[in-house]
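Read through the structure below, which is laid out as structure tokens, and then see the notes.
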Amino acid sequence: MDYIEYKILSVLQKNARLTNLELAKQVGLSASPCLRRVKTLEDTGVISGYSAIINQNKVDLSVNVFVQVSLERQSEEGLEIFEEKIIEYKEVMEAYLMTGDADYLLRIVVKDLQTYEKFLKENLTRIAGIASIRSYFSLKQVTRKYNLPIINPKQI
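In my numbering, the protein residues as written are 228 to 383.
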């Protein structure tokens, strides 16, 4: 990627609703080359999609639960079974395969503690091969960023 493509990514992270003409002006290109570059970034998967950022408190989903999951065995089959299952649950916003004490770290978003309890009992505990589950409830969100810290090669 070159300087212009990094600039395109940086501008789009701040406002993906810009028209191509507005984007082109901000990155110093004419409209056609700018559109081609954005299309290339999309086609190669650098830009994987566009989304609205929703305030979870405004839609009554204010509880963030961080869950550490340890599996009975860390076999490839066990990992695949767990991953296939958690991908199905809309409450699981993020899931990471980890090093350390737990095999997975999940971020789960729900309305309240009762909803989490129901999710835990009806979903998470029913996945085969889980050895332990530890839940940590967020008291306050201090910061949350959506824009990656993209560094333009010319800034290095």
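Even glycine gets a Cβ: it sits at the ideal position worked out from N, Cα and C.
| Query | Result |
| --- | --- |
| Measure the Cβ-Cβ separation of ASN374 and LYS234 and say whether it is below 8 Å. | no |
| Would you be able to state if there are at least three C-beta pairs under 8 Å between the region 299-317 and the region 265-282? | no |
| Looking at LYS216: is its Cβ nearer than 8 Å to the Cβ of LEU288? | This structure does not reach residue 216, given that the chain is present from 228 up to 383, and the question cannot be answered. |
| State the Cα-Cα distance for the pair THR352 and GLN253, rounded to the nearest angstrom. | 50 Å |
| What does the alpha-carbon distance come out to for the pair MET228 and ASP330? | 34 Å |
| Residues in its own chain within less than 7 Å of GLN283 by CB, not counting five upstream and five downstream? | SER289, VAL336 |
| Can you tell me whether ALA251 is buried or exposed, with buried defined as 16 or more other CB within 10 angstroms of its CB? | buried |
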